[in-house]
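Chemist:
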Amino acid sequence: MADYSSSNYNDFPRGFGNELSPTWRDAIKNDKRQPPEILTNESSEFVGGGKLDPDRYTSYEFHRREVEKLWRRTWQPTCREEEIPNVGDHFVYNVANLSFLIVRTAPDAFKAYWNVCLHRGRQLVDEPGKGATKFRCGYHAWSWNIEGELIFYPGAWDFPDIKPETCSLREVKVGTWAGFVFINPDKNAIELSEHLGSLPQHFERWPLEKRRGLFHVRKTINANWKIAMEAFMESYHVMATHPELIEMSADHAAQLDYWDEGAAHFSRMMNPVGVPSQYFKGGTREHALAVTWAIANDIRHDALTGLPPEITDRSSLAEWRRKQLQEATGADHSSLSDAEILDGIEYWLFPNFLPWFGESFPILYIFRPNADRPDTCYMDVWLTSRVSDTEPRPEAPAIIELGPEDSFQKAVGTLGLVLDQDDFNMPKVQVGLHSWPGDPEGLTLARYQESRIRHFHKVLMGVLNGA
Ligand code: FES
Ligand SMILES: [Fe+2]
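Add 63 to a position in the sequence shown, counting from 1, and you land on the number used in the working numbering.
(1) I need the straight-line Cα distance from Gly242 to Gly501, nearest angstrom please.
(2) Just how far apart, CA to CA, sit Phe430 and Trp411?
(3) Quick one: what's got a C-beta closer than 6 angstroms to Leu427's C-beta in the same chain, skipping five residues either side?
(4) Please state if the CB of Ala286 and the CB of Met442 are separated by a distance shorter than 7 angstroms.
(5) Counting contacts by CB-CB distance shorter than 7 angstroms, is Val244 in contact with chain B?
(6) Spatial neighbours of Glu458 within its chain, please: C-beta separation below 7 angstroms, excluding the five flanking residues on both sides.
(7) Give the secondary structure of Arg384 by DSSP, where H, G and I count as helix, E and B as strand, and everything else as coil.
(8) Looking only at its own chain, which residues have a Cβ that is under 6 angstroms from the Cβ of Leu482, when we skip the five neighbours before and after it?
(9) Buried or exposed for Pro248, going by 16 or more other Cβ atoms inside 10 Å?
(10) Quick one, which of Ala175, Asp171, Val150 has its alpha-carbon nearest Trp138's?
(11) Which residues does DSSP list as the beta-bridge partners of Cys142?
(12) Can you list, in chain order, the residues of its chain whose CB lies under 6 angstroms from that of Lys197, leaving out five sequence neighbours each side?
(13) Would you call the segment 89–99 and the segment 107–121 touching, i.e. three or more CB-CB distances under 8 angstroms?
(14) Whose C-alpha, out of Val130, Glu82, Phe278, is nearest the C-alpha of Arg436?
(15) Using the Cα positions of Ser69 and Gly112, report the straight-line distance between them to the nearest angstrom.
(16) Sorted by chain position, which residues of the same chain lie with C-beta nearer than 7 angstroms to Thr168's C-beta, five sequence neighbours on each side aside?
(17) So the beta strand (DSSP E) His203 belongs to, where does it begin and stop?
(18) Ligand 1 heavy atoms versus the CB of Tyr202: any closer than 6 angstroms?
(19) Around the C-beta of Asn71, are 16 or more other C-beta atoms found within 10 angstroms, so that it is buried, or is it exposed?
(20) Between Gly466 and Pro432, what straight-line distance do the alpha-carbon atoms span, to the nearest angstrom?
(21) What is the DSSP secondary structure of Leu83, reduced to helix, strand or coil?
(22) Comparing C-alpha positions only, which one of Glu82, Ser106, Gly218 sits nearest to Ser261?
(23) Let me make sure I understand the geometry here. Which of Tyr511, Pro425, Lys289 has the alpha-carbon closest to that of Pro117?
(24) Who pairs with Trp269 in a beta bridge, going by DSSP?
(25) Check for me: the beta strand (DSSP E) holding Lys282 runs from which residue to which?
(26) Roughly how many angstroms lie between the CA atoms of Leu187 and Ser231, to the nearest whole one?
(27) Quick check: what's the CA-CA separation for Leu367 versus Leu259?
(28) Run the proximity test for His182: is its beta-carbon closer than 6 angstroms to any non-hydrogen atom belonging to ligand 1?
(29) With a 10 Å radius around its C-beta and 16 neighbouring C-beta atoms as the bar for buried, classify Tyr67 as buried or exposed.
(30) Spatial neighbours of Pro191 within its chain, please: CB distance less than 7 angstroms, with the 5 preceding and 5 following residues excluded, ordered by chain position.
(31) Looking at ligand 2, does it come within less than 6 angstroms of Asp406, judged from the CB to the closest heavy atom?
(32) Using a threshold of 7 angstroms, state whether the C-beta atoms of Val522 and Leu133 are closer than that.
(33) Give me the DSSP bridge partner(s) of Trp177.
(34) When DSSP labels each residue in this structure, what does Val532 get in the three-state scheme?
(35) Are the beta-carbon atoms of Met25 and Ile516 separated by less than 7 angstroms?
(36) In this structure, how does DSSP classify Lys537 when only helix, strand and coil are distinguished?
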């Protein structure tokens, strides 16, 4: 498909603001506590144009390519470390039609295996569990210890070619970052550190491993995993999908950045909060600050009467919120800039991990296909909060499983309303894409505001077309 041909594509506008509704870069200018350099460093250039082929979301063949070239070969986050806090605790991670078993083998060590019995191939472990000393197949009782060594197979006399030392569970690579256990099924894969590149430096100031899950929801969505994920990679949809958010967030004015560091690919979006969107008619700074304050206090929009007198700008709002967070968690938030307290800052790590950054919206998302089909996926969502500097990370909350028709809001309250609004579009996009007329030849993406999606597809196609 045709690429854009302008010779000066790197001169394109990066967000559009004015005095009332500034871009992120302008919104932070008067902040008393300035963001660190790691946030103010820009990294964006034109990442390619052209249309997106709808087959990428609907075709079984494309889905199979993803399974073979992506999911069997890439680093992917599975569970939080605190979901398997004790030796023998284990987690079953399924992606597309692949299944893996992750187990804590020592207080500070994890192993992961292909979750398959090496006798006749039953899935070895069906569900996550606690404190196992062995994994016993339900079909004929072959058993392995948590280190993956074969310790029992009935009627050993009848298996002359089985030697326990060559029949260990088949391992996959394991690494940890940000409080997550990552795996890579490809035993020849690069190390996790190479996959992450400099991303961990961005999170040094706001460590995800020092956070607890307040809730963890897993929802099955009747849409391709990329449709679901891409709904969170731009803020261009906010004015139509979340109209109440434009009163306090300049959705049109996000800053977008991308990094390609060898095998490491990640991106970032930063939306100014406490300022109105240009799409909100009659917006004022005072109203935007008041709505931001009300949301932090869980005050209903229609019950909002005004602001405490000490809150007059972004910095005084951030200071008030900093103290509120400190009291609620016992953790020191004094080093965080106003932007890190207020703004919507979201990172993405290839292929499927979206960790938000900062205290405005401390959420984590992971997306993956849930079956051998292109039109269904899992979305995992965590809301997190900082643990105090002296407290160990508590055990993870139980996973709340939601089906395609279930509401996030019913499960987790107010925040779920926004997720329900996003989720409402996803199956309808899937339906629409199956009916794509072929002309135009594909989906159109905004040059800048949807450029993180362009960047993702560029990386994805590089991986799928690779050797
Ligand atoms: S398939 Fe597992 S013991 Fe037979
Ligand atoms: Fe959204």
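Every residue, glycine too, gets a C-beta built ideally from N, C-alpha and C.
Nothing here was measured: the structure is a model prediction, and the numbers come from that model.
Modeler: Reading from the atomic positions:
(1) Rounded to the nearest whole angstrom, the C-alpha separation of Gly242 and Gly501 is 44 angstroms.
(2) 11 angstroms
(3) Pro418, Trp445
(4) no
(5) Considering every chain present, this structure includes no chain B. It has just one protein chain.
(6) Same-chain partners within the cutoff: Glu145, Pro148.
(7) helix
(8) Result list for Leu482: Phe471, in chain order.
(9) buried
(10) Ala175
(11) Val244
(12) Ser206, Asn208.
(13) No contact exists between the segment 89–99 and the segment 107–121.
(14) Val130
(15) Note that Ser69 scores a pLDDT of 44, beneath 50, so its modelled location is shaky and nothing firm can be said.
(16) Excluding sequence neighbours, Thr168 sits near Val150, Lys174, Ile209, Glu210.
(17) Counting along the chain, His203 falls outside any beta strand (DSSP E), and DSSP gives it neither H nor E.
(18) yes
(19) The predicted model places Asn71 with a pLDDT of 48, which falls under 50 and marks its position as unreliable; any figure quoted below should be read in that light. The residue is exposed, with fewer than 16 neighbouring Cβ atoms inside 10 Å.
(20) If I take the Cα positions, the gap works out to 14 angstroms.
(21) coil
(22) Ser106
(23) Lys289
(24) According to DSSP, which records beta bridges pairwise, Trp269 is partnered with nothing at all.
(25) 274–284
(26) 13 angstroms
(27) 43 angstroms
(28) yes
(29) Residue placement at Tyr67 is flagged as unreliable, the pLDDT there being 40, under the threshold of 50; a coordinate-derived value is accordingly withheld.
(30) His153, Phe154, Val155
(31) No heavy atom of ligand 2 is found nearer than 6 angstroms to the CB of Asp406.
(32) no
(33) Phe163
(34) The structure shown does not extend to residue 532, since the chain spans only 64 to 530, so no value can be given for it.
(35) Since the displayed the chain opens at 64 and closes at 530, residue 25 lies outside it and no answer follows.
(36) With the chain covering only 64 through 530, there is no way to say anything about residue 537.
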